[in-house]
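Participant: Sharing a structure, written as structure tokens. Questions coming.
Numbering (my numbering), first residue to last: 21 to 282.
See the structure below:
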């Protein structure tokens, strides 16, 4: 399999690490952008090479070309490139709709959009795809699990949900700070909280129970867990989360960055 990556950022590094660490028969060609990271990957894996420019990446990616560039520069990068008709292309470009991407590409390619997360480096990632594509799904199944969406609406919803990673770590950061303020050593607080969060996520992944039943199971009636969730809900926590998700979904659907984040 011959793959090309236009853009050599953190997600490209994660995908390449996951694939090439598993299968040395996969040939990867990277764009020269972010030269240090590209050179490091080429030094680490014999099957990885760095191209002279982005057009060379398009030509080398005989099976799949990945577009792994920031949306702010995507148009400027893509318009000068020449893609083959029916070339298989996977866009990792965030908050950019399909028709806009096809216009910038300027050729009738087989375009799939994907949201790989950093965990694909360890082949433990879950990756949303749209529209379904057997070859692309098979590739991401090797990196964990692919979730193929039948509709753009479902894909956008999963894209919005993936925006919670910073909030997850932010909550852990806040709790670590709270414990530290109360006198606990920071390293001890983190050593307790990180496995706790990980175990809860694993329970949700492995259990067939509805989430409200899981919450009840882990919350003794009249107990501490029930109290914290009740306070969180009654004092605006769930409303704030819903509002944040609505805002990020609007950004994904329209491609417009809110003025307070521009």
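Glycine residues also receive a C-beta, built at the ideal position from the N, C-alpha and C atoms.
Take the Cβ of residue 222 as the centre, count every other Cβ of all protein chains shown within 10 Å, and call the residue buried at 16 or more, exposed below.
Facilitator: exposed
Participant: Would you mind giving the Cβ-Cβ distance between residue 242 and residue 117, rounded to the nearest angstrom? I have them listed as a contact below 8 Å.
Facilitator: Not really, about 49 Å apart at Cβ, beyond 8 Å.
Participant: Rounded to whole angstroms, what is the Cα-Cα separation between residue 108 and residue 144?
Facilitator: 24 Å
Participant: List the DSSP bridge partners of residue 48.
Facilitator: 23, 68
Participant: Can you find the residues in the same chain that come closer than 6 Å, C-beta to C-beta, to residue 137, ignoring five residues on each side of it along the sequence?
Facilitator: 145
Participant: Below 8 Å between beta carbons: does that hold for residue 120 and residue 153?
Facilitator: no
Participant: Assign residue 103 to one of three DSSP states: helix, strand, or coil.
Facilitator: coil
Participant: Could you pull out every unbroken beta strand (DSSP E) segment of at least 3 residues lying fully inside the stretch 88-162, listed in chain order?
Facilitator: Here the runs fully enclosed are 108-111, 130-135, 145-150.
Participant: Give me the residue from 247, 26, 45 with the minimum Cα distance to residue 112.
Facilitator: 26
Participant: So residue 70 and residue 58 are in contact, right, with Cβ under 8 Å, and what is the actual spacing, rounded?
Facilitator: 5 Å
Participant: With a threshold of 16 other CB atoms inside 10 Å of the CB of residue 245, please say whether the residue is buried or exposed.
Facilitator: In this structure residue 245 is exposed. Its beta-carbon is surrounded by fewer than 16 other beta-carbon atoms within 10 angstroms.
Participant: Three Cβ pairs or more, each shorter than 8 Å: is that satisfied between the stretch 70-80 and the stretch 171-178?
Facilitator: no
Participant: Thinking C-beta only, is residue 196 closer than 8 Å to residue 210?
Facilitator: yes
Participant: Are there 16 or more other CB atoms within 10 angstroms of the CB of residue 248, so buried, or fewer, so exposed?
Facilitator: That one is exposed.
Participant: Given a cut-off of 8 Å on the beta-carbon distance, is the pair residue 234 and residue 227 in contact?
Facilitator: In contact: residue 234 and residue 227 (Cβ atoms closer than 8 Å).
Participant: Does the separation of the CB atoms of residue 84 and residue 103 fall below 8 Å?
Facilitator: no
Participant: Taking the continuous alpha helix (DSSP H) assigned at residue 277, which residues delimit it?
Facilitator: Unbroken run through residue 277: none, as it is neither H nor E.
Participant: Is there at least one non-hydrogen atom of the ligand ADP closer than 7 Å to the beta-carbon of residue 90?
Facilitator: The ligand ADP is not part of this structure, which contains no ligands at all.
Participant: Relative to the alpha-carbon of residue 64, which residue among 100, 52, 37 has its alpha-carbon at the smallest distance?
Facilitator: 37
Participant: From the DSSP output, in three-state form, read off residue 210 for me.
Facilitator: Collapsing the DSSP output to three states places residue 210 in a helix.
Participant: In three-state DSSP terms, what is residue 53?
Facilitator: coil
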